[in-house]
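Taking the numbering used here, the leading residue of the sequence shown gets 104, the next gets one more, and so forth. Glycine included, every Cβ here is placed at the ideal spot set by N, Cα and C. Bear in mind the structure is a predicted one, so any value in this text is a computation, not a measurement. Okay, so here's the structure we're looking at.
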Amino acid sequence: VWPVVRRVGASMEEDAVTVELISIEPNNCPLVEELKLEMHFTSQKALPDAYWQVRYIADQTGKRKIVELGATEKQSYDVGKHTMMFHVPQVSVEHLSRHLLTNVGLLLAVLYSGEAEVLQVSMVTQVTPADDGTLIRSVYNPLE
104 VWPVVRRVGA SMEEDAVTVE LISIEPNNCP LVEELKLEMH FTSQKALPDA
154 YWQVRYIADQ TGKRKIVELG ATEKQSYDVG KHTMMFHVPQ VSVEHLSRHL
204 LTNVGLLLAV LYSGEAEVLQ VSMVTQVTPA DDGTLIRSVY NPLE
């Protein structure tokens, strides 16, 4: 079981980043199709050298395979509202077994400032075979 949004290094201070909107497109589509992830968030403090790392985790009892999908360009976020946009032309999982993929996985977006992890956003992903055998991904928006 994964937490939906995990703040790293949270103390008595107010949460540094709050996510207000998550858009995952396309959804309920073939697993390998392109992926567009957009998040609107508010930062309560400046985040220099910030970037989002996006990965897909295929998980099964005793086995966990991590597929690095990529990262956004580094930029500095001032205090205030921001938008993160990430796109890959395809989700490359052909090296993983069908058995491992047809399970519950996780689309994970991690915000870093320099080397420090600031926030994790976990999106549970169900992968099921369609009638024709195509693996279909359904990514659940944790804000809905």
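Residues in the same chain with beta-carbon distance under 6 Å from residue i, minus the five sequence neighbours each way, listed in chain order, please.
| i | result |
| --- | --- |
| H143 | E123, L124 and T186 |
| S126 | E141 |
| D181 | A149 |
| E171 | R158 |
So, residue i versus residue j, is the Cβ gap smaller than 8 Å?
| i | j | result |
| --- | --- | --- |
| L210 | V230 | no |
| Y154 | K139 | no |
| G208 | I239 | no |
| T121 | G183 | no |
Exposed or buried, what is residue i when buried is set at 16 or more other beta-carbons lying within 10 Å of its beta-carbon?
| i | result |
| --- | --- |
| T237 | exposed |
| A149 | exposed |
| S195 | exposed |
| A119 | buried |
| V252 | The displayed coordinates of the chain run from 104 to 247. Any statement about residue 252 would go beyond what the structure contains. |
| T164 | exposed |
| L246 | exposed |
Report back the beta-carbon spacing between residue i and residue j to the nearest angstrom; my notes put them in contact at under 8 Å.
| i | j | result |
| --- | --- | --- |
| Q223 | E137 | Not really, about 23 Å apart at Cβ, beyond 8 Å. |
| L134 | K168 | Contact doesn't hold; Cβ gap of about 13 Å is too wide. |
| A219 | V157 | Not confirmed; about 18 Å, so no contact. |
| D234 | N206 | With a Cβ gap of about 19 Å, D234 and N206 do not count as contacting. |
| G217 | P129 | Not really, about 33 Å apart at Cβ, beyond 8 Å. |
Among the residues of its own chain, which have a CB less than 8 Å from the CB of residue i, if the five just before and after it don't count?
| i | result |
| --- | --- |
| H190 | E137, L138, K139 and L140 |
Which class does residue i belong to by DSSP, given the choice of helix, strand or coil?
| i | result |
| --- | --- |
| L203 | helix |
| V157 | strand |
| V196 | coil |
| R109 | Low confidence applies here, because R109 scores a pLDDT of 49, under 50, leaving its location unreliable and the question unanswered by this model. |
| P129 | coil |
Starting from the C-beta of residue i, find all residues in its chain whose C-beta is less than 7 Å away, skip the five residues before and the five after it, and write them out in chain order.
| i | result |
| --- | --- |
| L203 | A161, Q163, K166 and K168 |
| M188 | E141 |
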